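Below is one structure, written out as structure tokens, with a few remarks after it.
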Amino acid sequence: MSEDKGKHVAEPAPEPADQPLSAEQARAAKADLETAGGAKEPSLVPAAAQGGITAERDSSPFRNFFAGSAMTSVLAVLLALIAGGLLIASTDKQVASSAAYLFGRPTDFLAAVWNAATQSYVALFQGAVFNPRAATVAGQFAPIMETLTIATPLITAGLGVALAFRAGLFNIGAQGQIIFAGIFAGWVGFALHLPMGLHLLLVLVAGIIGGAIWGGLVGLLKARTGAHEVILTIMFNYIALYFLRFLLTTPAFQRPGASNPISPVLDPSAIYPQIFGSQYRLHLGFILAIAATVLVWWLLNRSTLGFEFRAVGANPKAAQTAGINVSRATILVMAMAGGLAGMAGVAQVAGTEKVLTEGVAASFGFDAITVALLGRSSPWGTFAAGILFGAFRAGAVQMQVQTGTPIDIVLVVQSLIVLFIAAPPLVRAIFGLNPRRKKMATAATSPKAALPGGAA
Amino acid sequence: MSTTATAPRPESTTPSSAKGISGKPVTWRTPIVLAFMAVVALLIFGILGPNQEASFGISSGGDFFQLPAIIVPAFAAGIILSIILLGLAGWTIYLKTKGTAAPAWLPVLFIVVFVVAFLIWVVGGARTPSISLAGLIAGSVTLAVPLVFGSLSGVLCERVGVVNIAIEGQLLGGAFTAAIVSSITKNPFIGLLAAALAGAVISMVLALFSIKYVVNQIIVGVVLNVLVSGLTGFLFSTVMQSDPQKYNSPEGLPIVEIPLLSSIPILGPILFKQSVVGYLMYFAVFAVWVGLFKTKWGLRVRAVGEHPQAADTMGINVNATRFWNVTLGGAVAGIGGSFFTLVAIDSFTKEISGGRGFIALAALIFGRWNPIGAFFAALLFGFADNLQSILTIIGTPVPSQFMAMLPYLVTVLAVAGLVGKSRGPAASGIPYVKG
Numbered sequence: 000m001s002e003d004k005g006k007h008v009a010e011p012a013p014e015p016a017d018q019p020l021s022a023e024q025a026r027a028a029k030a031d032l033e034t035a036g037g038a039k040e041p042s043l044v045p046a047a048a049q050g051g052i053t054a055e056r057d058s059s060p061f062r063n064f065f066a067g068s069a070m071t072s073v074l075a076v077l078l079a080l081i082a083g084g085l086l087i088a089s090t091d092k093q094v095a096s097s098a099a100y101l102f103g104r105p106t107d108f109l110a111a112v113w114n115a116a117t118q119s120y121v122a123l124f125q126g127a128v129f130n131p132r133a134a135t136v137a138g139q140f141a142p143i144m145e146t147l148t149i150a151t152p153l154i155t156a157g158l159g160v161a162l163a164f165r166a167g168l169f170n171i172g173a174q175g176q177i178i179f180a181g182i183f184a185g186w187v188g189f190a191l192h193l194p195m196g197l198h199l200l201l202v203l204v205a206g207i208i209g210g211a212i213w214g215g216l217v218g219l220l221k222a223r224t225g226a227h228e229v230i231l232t233i234m235f236n237y238i239a240l241y242f243l244r245f246l247l248t249t250p251a252f253q254r255p256g257a258s259n260p261i262s263p264v265l266d267p268s269a270i271y272p273q274i275f276g277s278q279y280r281l282h283l284g285f286i287l288a289i290a291a292t293v294l295v296w297w298l299l300n301r302s303t304l305g306f307e308f309r310a311v312g313a314n315p316k317a318a319q320t321a322g323i324n325v326s327r328a329t330i331l332v333m334a335m336a337g338g339l340a341g342m343a344g345v346a347q348v349a350g351t352e353k354v355l356t357e358g359v360a361a362s363f364g365f366d367a368i369t370v371a372l373l374g375r376s377s378p379w380g381t382f383a384a385g386i387l388f389g390a391f392r393a394g395a396v397q398m399q400v401q402t403g404t405p406i407d408i409v410l411v412v413q414s415l416i417v418l419f420i421a422a423p424p425l426v427r428a429i430f431g432l433n434p435r436r437k438k439m440a441t442a443a444t445s446p447k448a449a450l451p452g453g454a455a
Numbered sequence: 000m001s002t003t004a005t006a007p008r009p010e011s012t013t014p015s016s017a018k019g020i021s022g023k024p025v026t027w028r029t030p031i032v033l034a035f036m037a038v039v040a041l042l043i044f045g046i047l048g049p050n051q052e053a054s055f056g057i058s059s060g061g062d063f064f065q066l067p068a069i070i071v072p073a074f075a076a077g078i079i080l081s082i083i084l085l086g087l088a089g090w091t092i093y094l095k096t097k098g099t100a101a102p103a104w105l106p107v108l109f110i111v112v113f114v115v116a117f118l119i120w121v122v123g124g125a126r127t128p129s130i131s132l133a134g135l136i137a138g139s140v141t142l143a144v145p146l147v148f149g150s151l152s153g154v155l156c157e158r159v160g161v162v163n164i165a166i167e168g169q170l171l172g173g174a175f176t177a178a179i180v181s182s183i184t185k186n187p188f189i190g191l192l193a194a195a196l197a198g199a200v201i202s203m204v205l206a207l208f209s210i211k212y213v214v215n216q217i218i219v220g221v222v223l224n225v226l227v228s229g230l231t232g233f234l235f236s237t238v239m240q241s242d243p244q245k246y247n248s249p250e251g252l253p254i255v256e257i258p259l260l261s262s263i264p265i266l267g268p269i270l271f272k273q274s275v276v277g278y279l280m281y282f283a284v285f286a287v288w289v290g291l292f293k294t295k296w297g298l299r300v301r302a303v304g305e306h307p308q309a310a311d312t313m314g315i316n317v318n319a320t321r322f323w324n325v326t327l328g329g330a331v332a333g334i335g336g337s338f339f340t341l342v343a344i345d346s347f348t349k350e351i352s353g354g355r356g357f358i359a360l361a362a363l364i365f366g367r368w369n370p371i372g373a374f375f376a377a378l379l380f381g382f383a384d385n386l387q388s389i390l391t392i393i394g395t396p397v398p399s400q401f402m403a404m405l406p407y408l409v410t411v412l413a414v415a416g417l418v419g420k421s422r423g424p425a426a427s428g429i430p431y432v433k434g
């Protein structure tokens with residue numbers, strides 16, 4: 000914060016961004032990014048966005064392994080599941096009754112705790128992955144199909160959030176972007192009547208454009224006025240929701256003859272075909288989600304534009320100095336993030352729901368944030384996290400039916416996972432993996448390692 | 000710079016305002032926006048205004064003395080008020096050509112006149128062009144109570160350099176704890192205390208993760224909201240639902256009426272006929288304002304939020320100050336949450352806070368990180384909320400959804416700098432690491 004005064008110095012005089020970067024310049028820019036040290040401006044979603052919420056470096060191979068992101072993620076998931084299990088057990092009647100004679104027969108108590116937690120989790124697993132008790136083979140595989148169906152919007156919306164993270168932008172607006180995409184795609188789906196194929200394509204394009212407009216508007220406002228994107232996206236979520244509520248009371252959107260806010264059903268030609276036949280809900284949207292993941296991976300790791308995004312995310316000032324047009328990158332990345340969230344909106348209206356209602360976005364937009372965080376903002380990490388959270392969602396329904404454990408437990412587990420992942424030192428401390436206190440303290444608080452040099 | 004809610008980056012402000020102007024740049028933005036709004040007002044409220052009489056009731060039944068309702072011809076009032084608006088806008092343009100900025104009260108006056116004109120227009124155009132002004136204002140204050148507490152929590156946290164997105168979670172946690180504790184103990188005051196404690200605990204998690212583990216504050220805030228929503232939802236379904244009589248029938252806080260004073264029209268009900276939480280609200284706004292701007296403690300807090308390094312050099316323990324301030328902020332929000340279950344509604348339901356934590360965040364920004372400003376912004380948003388429900392009853396030309404959208408739209412305009420410039424504490428959102 001010390002160099003607030005010197006900010007204007009960093010403004011590049013003319014517009015050097017017009018020429019594409021040569022490989023040499025790109026290398027120089029990258030070096031610039033990494034060595035900026037204390038002069039760096041802290042980016043918004045700093046180390047967190049760039050693959051790990053607190054980046055830590057260490058030399059010992061053993062500690063590298065446990066400090067490594069993969070291991071921390073696994074331990075964090077485990078820890079969150081244990082905490083969730085304890086919460087389930089704490090409200091279980093069997094546990095409560097055996098706690099009365101805890102000191103008489105402690106084994107009863109422990110068994111009850113174990114039963115309460117595992118029964119719920121087994122039900123969760125059966126509802127999410129594979130159900131051996133189903134009568135038919137198709138029924139046995141139904142859970143995994145349901146998981147992938149729910150994962151579809153989570154993945155694409157999560158990719159949108161992750162992409163913005165990588166450019167240093169905190170996109171909380173997936174919810175509103177999904178809603179806007181739903182409005183666009185839904186209207187094209189039920190108001191226009193076009194031939195097979197063309198209609199669906201147009202629905203998809205309209206949805207992506209709708210999301211991109213809503214996301215790009217945030218980028219534009221941020222680039223032009225400096226308004227913070229967190230506040231903008233939160234507000235835009237609500238504006239989109241109320242706008243949708245309003246539209247659903249107008250004749251253009253409300254189903255003729257309906258008194259409740261619901262749109263007509265989309266034309267059959269506007270609906271994603273189901274991939275494995277009509278007994279599963281899984282639709283073409285899932286394939287498109289895979290394609291989107293590949294696309295985002297390519298964009299971030301193989302394209303000049305993606306490099307610019309990452310450079311802006313790592314250090315906007317250095318990026319500006321290196322000739323990257325930060326405003327343009329901000330607008331573009333938000334529009335793309337919105338477009339990706341828009342795909343989630345299309346998956347909802349043209350895939351699973353087939354109508355437009357107030358609840359078109361469910362809570363996918365908010366879940367997408369946790370998905371992107373769990374996936375550490377990498378495309379394939381987000382993909383995996385989306386499937387994991389899809390599994391939680393799908394399994395929780397089954398769990399509630401079988402064991403009476405409320406679905407809300409999923410929210411608890413989900414948020415605990417992200418919290419634990421965000422603080423690797425905490426996870427390691429719980430598992431007793433901190434070899435020496437002093438060293439850990441340095442690792443956790445060294446400004447170079449823990450944050451992008453801002454407060455140094 | 001940067002994770003603050005709004006602090007605009009100098010390099011990203013529009014070139015015209017950033018170029019070479021040192022000190023306070025006088026921009027065309029405010030005059031243009033005001034002129035635009037005035038023209039819109041003239042067109043819609045004035046020329047296209049309804050040709051009815053709008054009636055505003057002032058006294059309610061038990062008032063000390065009765066005043067007749069104000070009857071306003073909507074069309075004439077629309078014309079007159081929009082001419083006043085045009086005059087105000089013209090004056091800012093005149094001042095701009097002289098090179099001076101408009102005084103701070105001018106946009107405020109503009110907004111007040113605009114709101115009055117809007118109110119007359121909207122009531123005048125309704126099927127039943129009559130509302131009770133007293134009821135409208137009293138209801139607005141009631142709806143604003145949790146917003147005020149929430150935004151005060153935000154002020155306390157952001158002034159010390161920690162972004163608090165978790166206001167929503169703190170409100171919800173406070174509401175839940177107040178309900179369950181008050182139900183079990185049959186004592187609403189213990190419930191109130193427990194709500195403050197719950198808010199403080201949620202805030203401590205925010206403080207712990209963002210200060211000790213240097214996790215991005217926005218991430219922690221967002222995740223905490225989800226966590227509290229999940230926890231309260233889970234416990235509601237398992238514990239409260241199992242025996243609502245025992246766990247979810249909280250003893251409410253009584254409404255304390257001050258004799259005589261409470262029968263003053265309009266002012267009486269909002270100032271002297273409130274629950275303990277309502278009175279606490281006025282006290283809290285005043286206390287936070289005095290604390291932040293008139294005491295040594297407040298100076299330290301603001302120093303930590305603006306320039307932690309300098310504060311550290313002066314011997315202030317930055318991270319401890321942040322930790323306790325954030326905790327205090329959580330307690331304040333927790334009290335606000337108790338309003339839902341101890342005053343407004345007599346039981347807890349899932350998501351009872353319904354996104355009001357985010358409106359509180361908006362109020363905080365619209366009020367420019369100042370307790371008094373946040374208070375009035377919260378009142379304005381409470382007014383919009385209440386007006387929306389009244390308007391649906393009397394049947395007006397404006398869809399209620401747009402009224403509900405208003406707080407969010409206004410906030411977008413505020414952070415985008417279209418309505419004056421709002422700038423947060425410089426170090427808000429940035430973790431402080433010594434060295």
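Note that the protein sequences, when read in sequence, are chains A and B.
Residue numbers for the first sequence follow numbering that gives the first Met the number 0, so the first one is 0 and each next one is one higher.
Residue numbers for the second sequence follow numbering that gives the first Met the number 0, so the first one is 0 and each next one is one higher.
Ideal Cβ positions, reconstructed from N, Cα and C, are used throughout, including at glycine.
All of these numbers come straight from a predicted model, not from anything done at the bench.
Q: Quick one: which residues of the segment 418-431 of chain A get their C-beta closer than 9 Å to a C-beta of chain B? List them in chain order.
A: LEU418, ALA421, ALA422, PRO423, PRO424 and LEU425
Q. By the 10 Å Cβ neighbour count, where 16 or more other Cβ atoms means buried, how is B:ALA242 classified, buried or exposed?
A. Stepping through the second sequence from its first residue, residue 242 of chain B is reached at position 243. The question names Ala, yet the displayed sequence has Asp at residue 242 of chain B. Exposed: under 16 other Cβ atoms inside 10 Å.
Q. So with Cβ pairs under 8 Å, would you call A:ASP407 a contact of chain B?
A. One-based indexing of the first sequence puts residue 407 of chain A at position 408. Yes, A:ASP407 lies at the interface with chain B (some Cβ there is under 8 Å from its Cβ).
Q.
Please state whether the Cβ-Cβ distance between B:PRO72 and B:PHE339 is less than 8 Å.
A. Counting from 1 along the second sequence, the entry for residue 72 of chain B is found at position 73. Counting from 1 along the second sequence, the entry for residue 339 of chain B is found at position 340. Not in contact: B:PRO72 and B:PHE339 (Cβ atoms no closer than 8 Å).
Q.
So A:ALA371 and A:VAL217 are supposed to be a Cβ contact under 8 Å. How far apart are they, rounded?
A. Taking the first sequence and counting its residues from 1, the one referred to as residue 371 of chain A is at position 372. Taking the first sequence and counting its residues from 1, the one referred to as residue 217 of chain A is at position 218. Actually they are not in contact, since the Cβ atoms of A:ALA371 and A:VAL217 sit about 16 Å apart, beyond 8 Å.
**Q.** Interface flag, B:SER236 vs chain E, CB-CB below 8 Å
**A.** Chain labels in this structure do not include chain E; the protein chains are A and B.
Q | Proximal chain A residues relative to B:THR294, where beta-carbon distance stays under 8 Å | A | Your numbering for residue 294 of chain B matches position 295 in the second sequence. Going along chain A, no residue has its Cβ under 8 Å from B:THR294, so there is no contact; the nearest lies around 24 Å.
(Q) Tell me which residues share the same chain as B:GLY251 and place their Cβ nearer than 7 Å to its Cβ, disregarding the 5 neighbours each side in the sequence. (A) For the purposes of this step, residue 251 of chain B is taken as the residue at position 252 of the second sequence. Correct list, in chain order: PRO187, LEU341, VAL342 and ASP345.
Q. In terms of alpha-carbon separation, which member of A:ALA346, A:GLY337 and A:ALA343 lies closest to A:ALA211?
A. Residue mapping note: residue 211 of chain A aligns to position 212 of the first sequence, counting from 1. Among A:ALA346, A:GLY337 and A:ALA343, the Cα nearest to that of A:ALA211 belongs to A:GLY337.
Q) By the criterion of Cβ-Cβ separation under 9 Å, what are the contact partners of B:PHE208 in chain A? A) Sequence index remark: in the second sequence, residue 208 of chain B carries index 209 (1-based). What B:PHE208 touches in chain A: LEU418, ALA421, ALA422 and LEU425.
Q. Would you call B:PHE382 buried or exposed, if buried means 16 or more other Cβ atoms sit within 10 Å of its Cβ?
A. As a first step, residue 382 of chain B is located in the second sequence; it is residue number 383 there, counting from the start. B:PHE382 should be labelled buried.
Q.
Looking at the secondary structure, which residues open and close the alpha helix (DSSP H) in which B:SER435 lies?
A. No information on residue 435 of chain B is available, as it lies outside the stretch 0 to 434 that chain B covers here.
**Q.** Close-in-space but distant-in-sequence residues of the same chain around A:ALA133 (CB under 8 Å, 5 per side omitted)
**A.** In the first sequence, counting from the first residue as 1, residue 133 of chain A sits at position 134. GLN139 and ALA141.
Q) Any beta-carbon of chain B closer than 8 Å to the one on A:TYR241? A) Here residue 241 of chain A refers to the residue found at position 242 of the first sequence. True, the Cβ-Cβ gap to chain B drops below 8 Å.
Q) DSSP three-state call for B:GLY56: helix, strand or coil? A) The residue labelled residue 56 of chain B in the question sits at position 57 within the second sequence. Strand at B:GLY56.
Q. Between the Cα of A:PHE183 and the Cα atoms of A:LEU199, A:ALA313 and A:ASP107, which residue gives the shortest distance?
A. Your numbering for residue 183 of chain A matches position 184 in the first sequence. Comparing Cα-Cα distances from A:PHE183 to each of A:LEU199, A:ALA313 and A:ASP107, the minimum goes to A:LEU199.
Q) Using the beta-carbon of each residue, which ones in chain A are nearer than 7 Å to B:ILE217? A) Along the second sequence, one-based indexing puts residue 217 of chain B at 218. The answer, in chain order, is PHE169 and VAL229.
Q | Partners in chain A for B:LEU408, counting only beta-carbon separations shorter than 7 Å | A | Here residue 408 of chain B is taken as the residue at index 409 of the second sequence, counted from 1. Those within 7 Å of B:LEU408 in chain A are ILE238.
(Q) For A:GLN413, would you say it is in contact with chain B, using Cβ-to-Cβ distances shorter than 8 Å as the test? (A) Within the first sequence, the letter at position 414 stands for residue 413 of chain A. Judged by the 8 Å Cβ criterion, A:GLN413 is in contact with chain B.
Q: Report all residues from its chain with a CB closer than 6 Å to the CB of A:LEU86; omit the five preceding and five following residues, and keep chain order.
A: On the first sequence, position 87 is the one that residue 86 of chain A refers to. There are no such residues.
**Q.** Cβ of A:PHE388 within 8 Å of any chain B Cβ
**A.** One-based indexing of the first sequence puts residue 388 of chain A at position 389. No, its Cβ sits nowhere closer than 8 Å to a Cβ of chain B.
Q: Determine, using beta-carbon pairs with one atom in the segment 382-393 of chain A and one in the segment 357-371 of chain A, whether at least three such pairs fall under 8 Å.
A: yes
Q. Should A:ALA318 go down as buried or exposed, given a rule of 16 or more other Cβ atoms within 10 Å for buried?
A. Looking up residue 318 of chain A in the first sequence gives position 319. Buried: at least 16 other Cβ atoms inside 10 Å.
Q.
On the DSSP letters alone, give me the boundaries of the beta strand (DSSP E) that B:ILE69 sits inside.
A. The count along the second sequence starts at 1 and reaches residue 69 of chain B at position 70. Looking at the DSSP string, the run of the beta strand (DSSP E) that includes B:ILE69 is 69-72.
**Q.** Status (buried if at least 16 other CB within 10 Å, exposed otherwise) for B:THR96
**A.** Locating residue 96 of chain B in the second sequence gives position 97, where the first residue counts as 1. When all chains shown are included, B:THR96 counts as exposed.
**Q.** Helix, strand or coil at B:VAL432 according to DSSP, with G and I counted as helix
**A.** Taking the second sequence and counting its residues from 1, one reaches residue 432 of chain B at position 433. B:VAL432 falls in the coil class under three-state DSSP.
**Q.** Reduced DSSP secondary structure (H/G/I, E/B, other) of B:THR184
**A.** To locate residue 184 of chain B, count along the second sequence from 1; it is residue 185. Here B:THR184 sits in helix by DSSP.
Q. When you compare only the Cα positions, how much space is there between A:LEU365 and B:ILE69?
A. As a working mapping, residue 365 of chain A is identified with position 366 in the first sequence. As a working mapping, residue 69 of chain B is identified with position 70 in the second sequence. Before going on, a small fix: residue 365 of chain A reads as Phe here, not Leu. Approximately 47 Å, taken between the alpha carbons.
Q) Are any of the Cβ atoms in chain A nearer than 8 Å to that of B:LEU142? A) Taking the first residue of the second sequence as position 1, residue 142 of chain B is located at position 143. No, B:LEU142 lies away from the interface with chain A (no Cβ there is under 8 Å from its Cβ).
**Q.** Exposed unless 16 or more other CB atoms sit within 10 angstroms - verdict on B:TRP296
**A.** Position 297 of the second sequence, counted from the first residue, corresponds to residue 296 of chain B. When all chains shown are included, B:TRP296 counts as exposed.
Q) Quick one: Cα of A:VAL409 to Cα of A:PRO152, how far? A) By 1-based counting over the first sequence, the position of residue 409 of chain A is 410. By 1-based counting over the first sequence, the position of residue 152 of chain A is 153. Their Cα atoms are separated by approximately 17 Å.
Q | Residue of B:SER129, B:PRO30 and B:ALA75 minimising C-alpha distance to B:TYR467 | A | Since the first residue shown for chain B is 0 and the last is 434, residue 467 of chain B is missing from the structure and cannot be characterised.
(Q) To the nearest angstrom, how far is the alpha carbon of B:PHE235 from that of A:VAL396? (A) Walking along the second sequence from the start, residue 235 of chain B turns up at place 236. Walking along the first sequence from the start, residue 396 of chain A turns up at place 397. Whole-angstrom Cα-Cα distance: 17 Å.
Q) For the beta strand (DSSP E) that contains B:ILE254, what are its first and last residues? A) For this step, residue 254 of chain B is matched to residue 255 along the second sequence. That run of the beta strand (DSSP E) goes 254-256.
Q.
Residues in the same chain with beta-carbon distance under 6 Å from B:ALA373, minus the five sequence neighbours each way, listed in chain order, please.
A. Reading the second sequence from its first residue, position 374 is the one you call residue 373 of chain B. If we look at B:ALA373 and ignore the five residues flanking it on each side, its Cβ neighbours are SER150, VAL154, ALA362, LEU363 and GLY366.
Q) When DSSP labels each residue in this structure, what does A:SER376 get in the three-state scheme? A) The count along the first sequence starts at 1 and reaches residue 376 of chain A at position 377. Correct three-state label for A:SER376: coil.
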